[in-house]
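In my numbering, the protein residues as written are 193 to 471.
Backbone N, C-alpha and C define an ideal beta-carbon position, used for all residues, glycine too.
Bear in mind that the values here come from a model prediction, so they are computed numbers and not experimental data.
Structure, as structure tokens:
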Amino acid sequence: MNDCILRTRAVDAVHFSLHIRRWCRQYRSKMSPPNIRPRLIPALPSMNEDQRIAACKTAIAQIYTMLRSSPQQWRSFLALARATIASLDSTTLMQQAARTPEQVWITTALQLIATKDVENGAVADIASWCSRQWLLILQRDSQNLAALRGLGQMWLSRAQPSLARIHAGQSRAGSESAAEAERRVGAAEYVEARGILQPAVEYLEKAVAAASKQSALAGDLLAKAAEAYMSLGNVSSPRSNEQYYRRALQLLQRASQIQGYQLPNHLQKYLNDYGKLYK
């Protein structure tokens, strides 16, 4: 296989995904429905724990409603998210082993708002809180699919600012020799991106394995894992990056075989161009 061509197509596929996300944000901002205003949770001193938990769950439901209907308003919900976290930390809800489904529901909503604009960086304090909750769940259940996927996606989101800067630099640089490419991936930004993407790949790979064992494998999980591998290949040495592209194609092949799931166009094209080489 011509590794240079494979890498170029993988770069193009990942960068096309970045452009699509930007376009979607711009489109949603132009087609915005009426504003949804967050309703802050009430003062807490007089509440018992059950009341505080109920108030927090009401706030999380508000966040989900906003994400479905008016996602461009996510910044106006950050204060609500932070107040909810502070209230949750005053309860024992997130430590109760019997309430894992509620913990997953809460953490997923807060992670979605924390990573809404990942190209400019996740909301650090909320993102860190979410990561801690996923790790707590994994301490109790190392095969928890939601926690494995949540951590993988969190690490992948953390890599996006570095990947966007790298893409901008590559666009300016144009074509380059193999020696130049080797020198480039030794730059600090590439080293940083690899350090972030490695745990993203590891957690998403574990999530794929857990989902397979639980008969819960979903196409979007496979596509997300493939995206992580493609991104890692894009910032790795030309001498070793083919293994990452190979794994990405294997994951895309599996995703394309799941009934009812359709790969995004740019990933389907990448699979069509190179998938037969790895059957």
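| query | result |
| --- | --- |
| Whether V400 touches L424 by CB criterion (9 Å) | no |
| Whole-angstrom distance between R375 and I358, CA atom to CA atom | 14 Å |
| Burial state of Q435 (16 or more Cβ within 10 Å) | exposed |
| Stretch pair the region 288-305 + the region 264-273: three plus CB contacts closer than 8 Å | yes |
| Exposure of A251, with buried meaning 16 or more beta-carbon neighbours within 10 Å | buried |
| Inter-residue Cα distance where the pair is A319 and S369 | 39 Å |
| Presumed contact (8 Å Cβ cut-off) between T292 and I245, rounded CB distance | Contact doesn't hold; Cβ gap of about 15 Å is too wide. |
| R438 versus Q295 - alpha carbon distance | 35 Å |
| Option in C248, Q325, A301, I277 with minimal Cα separation from P263 | A301 |
| A417 to S282 span [Cα, whole Å] | 35 Å |
| Close Cβ partners of A289 (< 8 Å) along its chain, the five nearest in sequence each way excluded | R332 |
| Outcome for R260 when other beta-carbon atoms lying within 10 angstroms are tallied against a minimum of 16 | exposed |
| Exposure label - P353; buried when at least 16 CB within 10 Å | buried |
| Option nearest T299 by Cα separation, candidates A253, V310, L414 | A253 |
| Same chain, Cβ closer than 6 Å to W472, five either side skipped, listed in chain order | Only positions 193 to 471 of the chain appear in this structure, which leaves residue 472 out of reach. |
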